[in-house]
Amino acid sequence: MLTKRIIACLDVRGGRVVKGVQFVDIIDAGDPAELAHRHAAEGADEVVLLDITATHEGRGTLLETVRRAAAKLFVPFTVGGGVRTADDAAAVFDAGADKVSINSAAIARPQLISEIGSSFGAQAVIVAIDARRGARPPEDAEVYVSGGRKPTGLRVVEWAREAESRGAGEILLTSMDSDGMRDGFDCELTAAVSELVQIPVIASGGAGSAAHFVDVFGRGKADAALAASIFHFGVTSSRELKAQLAQAGVSVRLPC
Amino acid sequence: MIAVIDYKAGNLTSVVKALHYLDAREVVVTQSPEAVRGADKIVLPGVGHFQATQLLADLGLTDAVRNSIAKGAWFLGICVGLQWLFEGSTEAPGTPGLGAFAGMCEHFPPLYMDAELKSPHVGWNSLEQIRPDSRLLRGVANGSFVYFTHSWRAPVVHATAAVTYYGGAFTAAVERENVMGVQFHPEKSADVGLRVFRNFVEL
Numbered sequence: 007m008l009t010k011r012i013i014a015c016l017d018v019r020g021g022r023v024v025k026g027v028q029f030v031d032i033i034d035a036g037d038p039a040e041l042a043h044r045h046a047a048e049g050a051d052e053v054v055l056l057d058i059t060a061t062h063e064g065r066g067t068l069l070e071t072v073r074r075a076a077a078k079l080f081v082p083f084t085v086g087g088g089v090r091t092a093d094d095a096a097a098v099f100d101a102g103a104d105k106v107s108i109n110s111a112a113i114a115r116p117q118l119i120s121e122i123g124s125s126f127g128a129q130a131v132i133v134a135i136d137a138r139r140g141a142r143p144p145e146d147a148e149v150y151v152s153g154g155r156k157p158t159g160l161r162v163v164e165w166a167r168e169a170e171s172r173g174a175g176e177i178l179l180t181s182m183d184s185d186g187m188r189d190g191f192d193c194e195l196t197a198a199v200s201e202l203v204q205i206p207v208i209a210s211g212g213a214g215s216a217a218h219f220v221d222v223f224g225r226g227k228a229d230a231a232l233a234a235s236i237f238h239f240g241v242t243s244s245r246e247l248k249a250q251l252a253q254a255g256v257s258v259r260l261p262c
Numbered sequence: 014m015i016a017v018i019d020y021k022a023g024n025l026t027s028v029v030k031a032l033h034y035l036d037a038r039e040v041v042v043t044q045s046p047e048a049v050r051g052a053d054k055i056v057l058p059g060v061g062h063f064q065a066t067q068l069l070a071d072l073g074l075t076d077a078v079r080n081s082i083a084k085g086a087w088f089l090g091i092c093v094g095l096q097w098l099f100e101g102s103t104e105a106p107g108t109p110g111l112g113a114f115a116g117m118c119e120h121f122p123p124l125y126m127d128a129e130l131k132s133p134h135v136g137w138n139s140l141e142q143i144r145p146d147s148r149l150l151r152g153v154a155n156g157s158f159v160y161f162t163h164s165w166r167a168p169v170v171h172a173t174a175a176v177t178y179y180g181g182a183f184t185a186a187v188e189r190e191n192v193m194g195v196q197f198h199p200e201k202s203a204d205v206g207l208r209v210f211r212n213f214v215e216l
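From first to last, the protein sequence lines are chains A and B. Position 187 of the first sequence, counting from 1, maps to 193 under our numbering, and the rest follow consecutively. Position 7 of the second sequence, counting from 1, maps to 20 under our numbering, and the rest follow consecutively.
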């Protein structure tokens, strides 16, 4: 049976892993390569490295960090941040990533999705969507770019559908309303997107307990869920989290 | 020598990295039929469209692989590389596969048991009904999880060495003498995947 994936996320700034609350208030959490290996060893199904300031400050992706992290990593490895062209993506793949996550650059130039997909396959392209909706219904959630700084006027549901039609392999949906709050995922928004597209939807933003994951895999219809702060400060490991999910009836990769 | 065939279907970095990690000697990434003829092991990775395998015929690699296999070289196809071992795929009906195994690869059905079936099939799923005589899967237990990402799948045949269930059973691994293939990605399947690679390297 296909299992629900737990994806460890490393938000990287200046070569260090950091974790913010609602995209600001940055706290240092360690070395990316070391943390990537630790997450894989502790049962994460995938590892994502997001260079959270790359777009904002116009820097390229930290290829050396990627290379170090990928060296002994034998689970799927995604890199995002600062990938603006198919050449940027090629460099990230060459450094050892399996997938790239694109966000602002895909909004600016949607054909980037198919450009990367045609060379490296659709499975290698994740379109990341930063969503904010406040008290509005999920259908009215709006896409933000540049690390959550700029509203685009685009509706999340429309952009998700377009990304799929242009050949995205997966969607990484981050609720900015929930991010860093450890108060639970936005299950309504996740379900709205997951029901709309055929490709897998990775839920992100708000993980604080195992119950939140049970909720987003059930009510939220997510195929995978991403967590950062829940792991970094020893709240739990992926393995412990998955044991709790299995007890709650969620199908996960165990032993791992 | 292990020849890893580069036919411009995606990214070979992870496969080569895993082989090096296992101390495989003389790993060569190549498009040359001569290199394939000289190899005692051949790996055909591949993600993406079945159409990309047309390049194998165009470069003379299909014949080189066929000859090498006939002379006893070990062959491992990964993902599209497994699918290529069959007669073809509905993904690119005009591009024949090697035909080592009977049947066509087909897209996952949109519905299974009256429920919507998402595709691609992405993520960790289990290997079942592992053939006890499989050399490639030696030491891998039924129920072990491996990583998949694909929308087309190969049928279950006599040479199937393990199946996986998603919208019914499909061939997750195939093996007949020196010809082997896996639909999953051993280079991305943690310890289980490394075990499969190690089994192949040590043949």
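Note that the Cβ used here is the ideal one computed from N, Cα and C, for glycine as well.
Q.
Counting only Cβ-Cβ distances shorter than 9 Å, please list the residues of the stretch 128-154 of chain B near chain A, keeping chain order.
A. E129, K131, S132, P133, H134, V135, G136, W137, N138, S139
(Q) I want to verify the contact list: residues of chain B whose CB lies under 9 Å from the CB of A/T9, in sequence order. (A) G136, W137, N138, S139, F158
Q | Euclidean distance between Cα positions of B/V176 and B/Q142 | A | 6 Å
Q: My understanding is that A/V81 touches A/A103, with C-beta atoms under 8 Å, so please give their C-beta distance in whole angstroms.
A: About 12 Å; that fails the 8 Å criterion.
Q: Name the two residues that bound the continuous beta strand (DSSP E) containing A/C193.
A: That residue, A/C193, is in no beta strand (DSSP E); its alpha helix (DSSP H) goes 193-202.
(Q) Quick check for students: name the residue ranges of the beta strand (DSSP E) that lie wholly in the stretch 85-128 of chain A, counting only runs of 3 or more. (A) 105-108
(Q) Our contact map puts B/S27 next to B/E200 with C-beta atoms below 8 Å; I'd like the distance itself, whole angstroms only. (A) 4 Å
Q: For B/N212, go through chain A and note every residue whose CB falls closer than 7 Å to its CB, in chain order.
A: Correct list: empty, because the minimum Cβ distance to chain A is about 15 Å.
Q: Output yes or no for whether 9 Å exceeds the beta carbon distance between B/G16 and B/K54.
A: For clarity, residue 16 of chain B is Ala in the given sequence; the question names Gly instead. Yes, the Cβ-Cβ distance between B/A16 and B/K54 is below 9 Å.
(Q) Any beta carbon from chain A within less than 9 Å of B/G206's own beta carbon? (A) yes
Q. Based on the DSSP output, what are the partners of B/A16 in its beta bridges?
A. B/V41, B/I55
(Q) Comparing C-alpha positions only, which one of A/M7, A/L8, A/H45 sits nearest to A/L16? (A) A/H45
**Q.** Element boundaries [alpha helix (DSSP H), containing A/A249]
**A.** 244-253
Q.
Does the CB of B/Y125 have a neighbour CB from chain A at under 9 Å?
A. no
Q: Classify B/Y125 as helix, strand or coil using the three-state DSSP reduction.
A: strand
Q. So A/S171 is in the alpha helix (DSSP H); what residue range does that whole segment cover?
A. 162-171
Q | Any C-beta of chain B under 9 Å from that of A/A128 | A | yes
(Q) Less than 9 Å between the C-beta atoms of B/N138 and B/A185, yes or no? (A) yes
Q: Determine, using beta carbons only, whether A/M182 and A/A137 come nearer to each other than 9 Å.
A: yes
Q: Please report how far the alpha carbon of A/G64 lies from the alpha carbon of B/G61, in whole angstroms.
A: Residue confidence for A/G64 is low, a pLDDT of 42 falling below 50, so the modelled location carries little weight; the figure read from the coordinates is stated next. For A/G64 and B/G61, the distance between alpha carbons rounds to 31 Å.
Q.
I believe A/K10 touches A/F223 by the beta-carbon criterion, under 8 Å. Please report the beta-carbon distance rounded to the nearest angstrom.
A. 5 Å
Q) Enumerated in chain order, which unbroken segments of the beta strand (DSSP E) with a length of 3 residues or greater are wholly contained in the stretch 53-103 of chain B? A) 54-57, 87-91
**Q.** Alpha-carbon spacing of A/T242 relative to B/K84, whole angstroms
**A.** 53 Å
Q. Looking at A/R115 and the ligand SAM, is the gap between the Cβ and the nearest heavy atom below 8 Å?
A. The model depicted lacks the ligand SAM and carries no ligand whatsoever.
Q. In the structure shown, what three-state DSSP assignment does A/G64 receive?
A. Note on A/G64: pLDDT 42, under 50, position unreliable in the model; the coordinate value appears next. It is coil, neither helix nor strand.
(Q) So for A/G224, helix, strand or coil by DSSP? (A) helix
**Q.** Element boundaries [alpha helix (DSSP H), containing B/Y34]
**A.** 26-34
**Q.** Which listed residue (B/K21, B/A31, B/G23, B/N24) has its alpha carbon closest to that of B/N212
**A.** B/A31
Q) Count the other CB atoms within 10 Å of the CB of B/V170; is the residue buried (16 or more) or exposed (fewer)? A) exposed
Q.
Contact between the stretch 116-133 of chain A and the stretch 89-106 of chain A is defined here as three or more beta-carbon pairs at a separation below 8 Å; is this criterion met?
A. yes
(Q) Do B/F158 and B/H134 have their beta-carbon atoms positioned less than 9 Å apart in this structure? (A) no
Q: Determine the contact status of A/I13 and A/I208, defining contact as a CB-CB distance below 9 Å.
A: yes
Q: Return the chain-ordered list of same chain residues with a C-beta closer than 6 Å to the C-beta of A/L41, the five sequence neighbours on each side being excluded.
A: L16, V23
Q: Please decide whether B/T162 counts as near chain A, where near means a Cβ-Cβ distance under 9 Å.
A: yes
Q | Option nearest A/S171 by Cα separation, candidates A/M187, A/S120, A/S200 | A | A/S120
Q: Would you mind reading off the limits of the alpha helix (DSSP H) that contains B/A48?
A: 46-50
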